[in-house]
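J.:
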Amino acid sequence: MLKFKLLFLFIASLLLVGCSEDPSSIGSDLLSQDLIDVNVLDSQTDSLSQTSSSFLSTLQLSGSTKLFLGKTNNIDEASILIKFQYSFEDTIKTAFLNNSLTIRSAYVELIKTYSVGTGSLDYTVHKINSDWSHSTFSGDSLSSLQFDAQDISSNRRVSSNDSVYSFDVDIPSVQKWMREAADSTVSGDKGIYIQPTSNSTKIVGFQALSSTVTTIPRLYVVVEKSGAYVDTLSFISTMDVSGIKATLPQSSENIFVQGGTEIKSKLRFDLSKLPELAIVNQAELTLTFDSTASLNSVTSNIYAYFVADSANQDSLSSTYVLLQKSGNVLSGDISYLVQRWLKEKINYGLLLVPQNNAETVDLFAIRGSNSNVYSERPHLKITYTNKK
Amino acid sequence: MTIKKILIFLLIVLAQDFFAQSSSTFSRSGLGDMIYSFSARRVGMGDLGIAVSDEDFIGTLNPASWGRLNRTRIEFGANWNGLTVKQNGISSFYSELDFSGFAFAFPISKKYGAGGALGIVPFTNVSYKAKQNIQSIENYDITYEGSGGLSKIFLGGSYMLPFNVTLGASLDYYFGNINYNSKANFTQESSYDAEYNRTFRPKGIGGTFGLISPDINGALKIGGISDVRFGLAVNYISNLETDSSLTSVSTFYTDTIGISIVDMHVPERIMAGISFVAKQTNLFTLDYAFQPWSKFSLNGKTDANLRDAHKFSLGYEYRPQRDNYSGFWQQIMYRVGLSYEQTQYLINNSGINQYAFSLGTSFPIALENTIDIGLQYLIRSGDNSSLLKENTIRVNIGISLGDYWFIRQEK
Chain X
2 MLKFKLLFLF
12 IASLLLVGCS
22 EDPSSIGSDL
32 LSQDLIDVNV
42 LDSQTDSLSQ
52 TSSSFLSTLQ
62 LSGSTKLFLG
72 KTNNIDEASI
82 LIKFQYSFED
92 TIKTAFLNNS
102 LTIRSAYVEL
112 IKTYSVGTGS
122 LDYTVHKINS
132 DWSHSTFSGD
142 SLSSLQFDAQ
152 DISSNRRVSS
162 NDSVYSFDVD
172 IPSVQKWMRE
182 AADSTVSGDK
192 GIYIQPTSNS
202 TKIVGFQALS
212 STVTTIPRLY
222 VVVEKSGAYV
232 DTLSFISTMD
242 VSGIKATLPQ
252 SSENIFVQGG
262 TEIKSKLRFD
272 LSKLPELAIV
282 NQAELTLTFD
292 STASLNSVTS
302 NIYAYFVADS
312 ANQDSLSSTY
322 VLLQKSGNVL
332 SGDISYLVQR
342 WLKEKINYGL
352 LLVPQNNAET
362 VDLFAIRGSN
372 SNVYSERPHL
382 KITYTNKK
Chain W
61 MTIKKILIFL
71 LIVLAQDFFA
81 QSSSTFSRSG
91 LGDMIYSFSA
101 RRVGMGDLGI
111 AVSDEDFIGT
121 LNPASWGRLN
131 RTRIEFGANW
141 NGLTVKQNGI
151 SSFYSELDFS
161 GFAFAFPISK
171 KYGAGGALGI
181 VPFTNVSYKA
191 KQNIQSIENY
201 DITYEGSGGL
211 SKIFLGGSYM
221 LPFNVTLGAS
231 LDYYFGNINY
241 NSKANFTQES
251 SYDAEYNRTF
261 RPKGIGGTFG
271 LISPDINGAL
281 KIGGISDVRF
291 GLAVNYISNL
301 ETDSSLTSVS
311 TFYTDTIGIS
321 IVDMHVPERI
331 MAGISFVAKQ
341 TNLFTLDYAF
351 QPWSKFSLNG
361 KTDANLRDAH
371 KFSLGYEYRP
381 QRDNYSGFWQ
391 QIMYRVGLSY
401 EQTQYLINNS
411 GINQYAFSLG
421 TSFPIALENT
431 IDIGLQYLIR
441 SGDNSSLLKE
451 NTIRVNIGIS
461 LGDYWFIRQE
471 K
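In the order they appear, the protein sequences are chains X and W. Mind the numbering: the first sequence is residues 2 to 389 in the working numbering, read in order. Mind the numbering: the second sequence is residues 61 to 471 in the working numbering, read in order.
The following block contains the structure:
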């Protein structure tokens, strides 16, 4: 029995001594058929050709939580349309219909949530005469909007801490709206149009209609029933939207990206120098930010979208990478996008858009492919593995 | 019986590739290292034994050797390889345990030299790993790994012709899965690893044909000598249909970037040997094997790293007379072998040669059952001093079980 035990121990010991060292470099020189190496393709040192351009399209802002108002260098008009919901108790309604209720004052309050640019904001308020819908209204719709030329606002003011913007509304106009609301046989009002004047040099964003936020636009109406009471009625926004008209900044040095207006940029590198079978280990895109030509209120980022559709290269695909701003550069890892270009053997380039394009009108000026300063052009550095 | 079960369990369950590697990057060329024998018995005698026809062991190189079996037999085994590779003053040690084969054979008629056998045995073996650390653009490691090999399933029989010449033949089915992997690993977390896998899956049929001569000592009449036999065997392999694929593996995609079906031509193997028994207990063998690997081709392309392979081996076995009254120690068999091989590898125009010294023994479990152990020390190197040099210790453990099967019951 002892001999079998010894044999068993011998076999077991073979298993136990089977621990191997980590592989070493010995013999790797004989593997010419399988050798791989890691290289770098740098758009600057390898002189990769690249193209970039900017274009303007219209963005529909019904999904935004902000209402933009004002003007900047390239935003000709950022206007607000609001329609209030008039609902009141039967006694108030009866009093309106009996002409026993007097409106003492009426004013609108807007709560500021965003600002870009410096200087002043000035505006007028008009009664809208045509139908509109927040879900379809855009900057392009402004030209066809019908409204009274009369400015129905006065006493435009800002709270001391610059957080609440308000203006008084012409009382006959409010009286008419409320009477129309109380009398179902009369067609209702179509809301107000807040339009910046040419004196405006900045854009302010206000809280838009939201089911979860209480700071939405409100119309306050102070009413008096003679000898009985004085009351303040509050009517909230039931529909609001911004419309922005902009022009594309002209520059031979820069490309631009802007929210609200949907100024986007295309950027494409010629990667024909990248081997077809390469595996991308890292691809870092760095863009140089031109702060003098930009308009930013906060530190924000932009997205680099993979352009997937040759027929519709301006549309946003589901694949994107965030380029984060740090100092005067925006950078991000676009390895997946480069690998996808290689795999699909099609490279339509990147589409650059703001991170929150409906929530900001920040203007990013980025050094383009034709920038006179070569080192400030878009820079793509690809580390890749290739089969020799 | 319990011990038997434990050992069988160990060998079957653990008959997988456990450890890192059993060869060096030499095995990247062709189909890797040639494997001649799966059994500890042959390993202990220099691997070949083409002219040996045993009653109690299954030879897999020459089908004509199945004619003298006296019992139905099952044999299987496992190899442990401890490999030290040296190059330019650097050395590394690796080891691997792998399945070395299985065979089942049965006698049909001893009078007519008729026997049958089937089994599965490895034919070639690819097993290497190498790793380079690169510190240039970034700090990264590249690991190269090869694994797999060609195996064969055989089914055949033997028959004795007039003048006691035994012929044997087997139908062989060759199959394999050979993988070559190259992988770049980055230490920096922001970089993604990259990997290329090249895989070949050959399959096809072949045949092994052999003969063993009658005892010619009747003519020679040398005193104290018996069982003087010549043997000859030829392995023929048809062109193997080979699925070939190249896959790239990144963090984002696993992409098959090349796929095709190609022909693989594996040259025939020709083996010849002589054996004789001296004073009834001492078996001597002398063998030669040849395989023109210079004719190996894959998709019509030959491999510049291959040349024709030649192997010479010399074996000795001490086999005591066994009976039911012999003690354990009196039944132990001992073997010794030497071999020289001009391997098929021709690396950087330098031929790689191999020298091997082997020892072996068989411990009886019962009269017809043995546990066999073969121990081999191999040195493989080339003329060029900058080439790597391998020192291998190979331990082969096998079990050979024999019993009476298919016996007609007397009525």
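Glycine included, every Cβ here is placed at the ideal spot set by N, Cα and C. Keep in mind it's a predicted model, so treat the numbers as computed, not measured.
Measure the CB-CB distance between residue 162 (chain W) and residue 198 (chain W) and report whether it falls below 8 Å.
T.: On the second sequence, residue 162 (chain W) is found 102 positions in, with the first residue counted as 1. On the second sequence, residue 198 (chain W) is found 138 positions in, with the first residue counted as 1. No, they are not a contact pair.
J.: What residues in its chain sit with their C-beta under 6 Å from that of residue 88 (chain W), if we drop five residues either side in the sequence?
T.: As a first step, residue 88 (chain W) must be located in the second sequence, where it is residue number 28. 206, listed in sequence order.
J.: Taking a cut of 7 Å between CB atoms, which residues from the segment 294-319 of chain W lie near chain X?
T.: The segment 294-319 of chain W vs chain X, Cβ under 7 Å: 308, 310, 312, 313, 315 and 317.
J.: In angstroms, rounded to a whole number, what distance separates the CA positions of residue 298 (chain W) and residue 148 (chain W)?
T.: For this step, residue 298 (chain W) is matched to residue 238 along the second sequence. For this step, residue 148 (chain W) is matched to residue 88 along the second sequence. Roughly 41 Å separates the two Cα atoms.
J.: Could you check the C-alpha separation between residue 123 (chain X) and residue 322 (chain X) for me, to the nearest Å?
T.: Position 122 of the first sequence, counted from the first residue, corresponds to residue 123 (chain X). Position 321 of the first sequence, counted from the first residue, corresponds to residue 322 (chain X). Distance between the alpha carbons of residue 123 (chain X) and residue 322 (chain X) is about 38 Å.
J.: Counting only beta-carbon separations shorter than 8 Å, does residue 254 (chain W) have a partner in chain X?
T.: By one-based count along the second sequence, residue 254 (chain W) stands at place 194. It does; some Cβ of chain X falls within 8 Å.
J.: Note the first and the last residue of the continuous alpha helix (DSSP H) segment covering residue 178 (chain X).
T.: As a working mapping, residue 178 (chain X) is identified with position 177 in the first sequence. Looking at the DSSP string, the run of the alpha helix (DSSP H) that includes residue 178 (chain X) is 172-183.
J.: Would you verify that the beta carbon of residue 282 (chain X) is, or is not, closer than 8 Å to some beta carbon of chain W?
T.: Residue 282 (chain X) sits at position 281 when you count from the first residue of the first sequence. Cβ-Cβ to chain W under 8 Å: yes for residue 282 (chain X).
J.: Report the residues of the segment 435-448 of chain W with a CB closer than 7 Å to any CB of chain X, ordered along the chain.
T.: Answer set for the segment 435-448 of chain W: 448.
J.: Just to make sure I have the definition right: I need the residues of chain X whose C-beta is within less than 9 Å of the C-beta of residue 202 (chain W). Which are they?
T.: Within the second sequence, the letter at position 142 stands for residue 202 (chain W). In chain order: 29, 36, 37, 38, 39 and 386.
J.: According to the neighbour-count rule (16 or more other Cβ atoms, all chains shown, within 10 Å of its Cβ), is residue 247 (chain X) buried or exposed?
T.: The residue labelled residue 247 (chain X) in the question sits at position 246 within the first sequence. Residue 247 (chain X) is buried by the Cβ-count criterion.
J.: Compute the distance between the beta-carbons of residue 315 (chain W) and residue 305 (chain W), then report whether it is under 8 Å.
T.: On the second sequence, position 255 is the one that residue 315 (chain W) refers to. On the second sequence, position 245 is the one that residue 305 (chain W) refers to. Cβ atoms of residue 315 (chain W) and residue 305 (chain W): not closer than 8 Å.
J.: Closer than 8 Å, Cβ to any Cβ of chain W: which residues of the segment 318-349 of chain X, in chain order?
T.: Here the close residues are 334, 336, 337, 340, 341 and 344.
J.: Label residue 73 (chain W) either buried or exposed according to how many other C-beta atoms from any shown protein chain fall within 10 Å of its C-beta, with 16 as the threshold for buried.
T.: As a first step, residue 73 (chain W) must be located in the second sequence, where it is residue number 13. Reliability fails at residue 73 (chain W), whose pLDDT of 44 lies under 50, so the model's placement of it is uncertain and no value is given.
J.: With 8 Å as the threshold, decide whether the Cβ of residue 190 (chain X) is near any Cβ in chain W.
T.: Position 189 of the first sequence, counting from 1, holds the residue named residue 190 (chain X). No, its Cβ sits nowhere closer than 8 Å to a Cβ of chain W.
J.: List the residues of chain X whose Cβ lies closer than 8 Å to the Cβ of residue 190 (chain W), in chain order.
T.: Numbered from 1 along the second sequence, position 130 holds the residue referred to as residue 190 (chain W). Those are 24, 25, 26, 27, 28, 29 and 32, listed as they occur along chain X.
J.: DSSP state of residue 320 (chain X), grouped into three classes?
T.: Numbered from 1 along the first sequence, position 319 holds the residue referred to as residue 320 (chain X). Coil at residue 320 (chain X), not helix or strand.
J.: What is the rounded straight-line gap between the Cα of residue 150 (chain X) and the Cα of residue 218 (chain X)?
T.: If you number the first sequence from 1, residue 150 (chain X) lands on position 149. If you number the first sequence from 1, residue 218 (chain X) lands on position 217. Computed Cα separation, rounded: 22 Å.
J.: Do the CB positions of residue 104 (chain X) and residue 231 (chain X) come within less than 8 Å of each other?
T.: For the purposes of this step, residue 104 (chain X) is taken as the residue at position 103 of the first sequence. For the purposes of this step, residue 231 (chain X) is taken as the residue at position 230 of the first sequence. Contact: no.
J.: Can you confirm whether residue 77 (chain W), when its beta carbon is compared against all beta carbons of chain X, has any partner nearer than 8 Å?
T.: On the second sequence, residue 77 (chain W) is found 17 positions in, with the first residue counted as 1. Legend: pLDDT at residue 77 (chain W) = 42, less than 50; position of this residue unreliable, value from coordinates given subsequently. Cβ-Cβ to chain X under 8 Å: no for residue 77 (chain W).
J.: Would you report the Cα separation of residue 77 (chain W) and residue 171 (chain W), rounded to the nearest angstrom?
T.: Counted from its first residue, the second sequence places residue 77 (chain W) at position 17. Counted from its first residue, the second sequence places residue 171 (chain W) at position 111. Here residue 77 (chain W) scores only 42 on pLDDT, less than 50, and its place in the model should not be relied on; the value that follows carries that caveat. One C-alpha to the other measures close to 42 Å.
J.: Strictly under 8 Å for the Cβ-Cβ distance: is residue 383 (chain X) near chain W by that measure?
T.: For the purposes of this step, residue 383 (chain X) is taken as residue 382 along the first sequence, with counting starting at 1. Answer no: the Cβ-Cβ gap between residue 383 (chain X) and chain W never drops below 8 Å.
J.: Is the segment 119-138 of chain W in contact with the segment 95-102 of chain W, if contact means three or more CB pairs nearer than 8 Å?
T.: In short, these stretches touch, since the Cβ pair count reaches three.
J.: If contact means a Cβ-Cβ distance below 9 Å, which residues of the segment 260-288 of chain X contact chain W?
T.: Per Cβ criterion, the list reads 277, 278, 279, 280, 281, 282, 283 and 285.
J.: Hey, which unbroken runs of the beta strand (DSSP E) at 3 residues or more fall wholly within the segment 240-284 of chain W?
T.: Taking only runs of at least 3 residues, the beta strand (DSSP E) segments lying wholly in the segment 240-284 of chain W are 254-272.
J.: Hey, does residue 112 (chain W) have any beta-carbon neighbour from chain X nearer than 8 Å?
T.: Taking the first residue of the second sequence as 1, we reach residue 112 (chain W) at position 52. Residue 112 (chain W) does not count as touching chain X.
J.: Provide the residue(s) that pair with residue 116 (chain X) in DSSP beta bridges, ordered along the chain.
T.: Stepping through the first sequence from its first residue, residue 116 (chain X) is reached at position 115. BP columns for residue 116 (chain X) point to X:205.
J.: For the structure I just gave you, are there three or more beta carbon pairs, one from the segment 92-104 of chain X and one from the segment 252-259 of chain X, closer than 8 Å?
T.: Contact fails: fewer than three Cβ-Cβ distances are below 8 Å.
J.: Round the Cβ separation of residue 202 (chain X) and residue 72 (chain X) to the nearest angstrom and send it over; I've been treating them as touching at under 8 Å.
T.: In the first sequence, the residue the question calls residue 202 (chain X) occupies position 201. In the first sequence, the residue the question calls residue 72 (chain X) occupies position 71. Yes, residue 202 (chain X) and residue 72 (chain X) are in contact; Cβ-Cβ is about 7 Å, under 8 Å.
J.: Is residue 389 (chain X) buried or exposed, if buried means 16 or more other CB atoms sit within 10 Å of its CB?
T.: Translated into positions along the first sequence, residue 389 (chain X) becomes position 388. Looking at its Cβ environment, which holds fewer than 16 other Cβ atoms inside 10 Å, residue 389 (chain X) is exposed.
J.: If residue 356 (chain X) sits next to residue 316 (chain X), beta carbons under 8 Å apart, how far is it from one beta carbon to the other, in whole angstroms?
T.: The sequence position of residue 356 (chain X) within the first sequence is 355, counting from 1. The sequence position of residue 316 (chain X) within the first sequence is 315, counting from 1. In fact, because the Cβ distance is near 18 Å, the residues do not count as touching under 8 Å.
J.: Between residue 240 (chain W) and chain X, is any beta-carbon pair separated by less than 8 Å?
T.: For the purposes of this step, residue 240 (chain W) is identified with residue 180 of the second sequence, where counting begins at 1. Taking Cβ atoms only, chain X reaches closer than 8 Å to residue 240 (chain W), which makes this a yes.
J.: Is any beta-carbon of chain X found at less than 8 Å from that of residue 401 (chain W)?
T.: As a position in the second sequence, residue 401 (chain W) is number 341, starting the count at 1. Not closer than 8 Å to any Cβ of chain X, the Cβ of residue 401 (chain W) fails to qualify, so no.
J.: If you draw a straight line from the C-alpha of residue 120 (chain X) to the C-alpha of residue 252 (chain X), how long is it?
T.: The sequence position of residue 120 (chain X) within the first sequence is 119, counting from 1. The sequence position of residue 252 (chain X) within the first sequence is 251, counting from 1. When rounded, the distance between both Cα atoms is 24 Å.
J.: Say whether the segment 207-216 of chain X touches the segment 59-77 of chain X, bearing in mind that this needs 3 or more beta-carbon pairs closer than 8 Å, one atom from each stretch.
T.: Contact between the segment 207-216 of chain X and the segment 59-77 of chain X is present, because at least three Cβ pairs lie under 8 Å.
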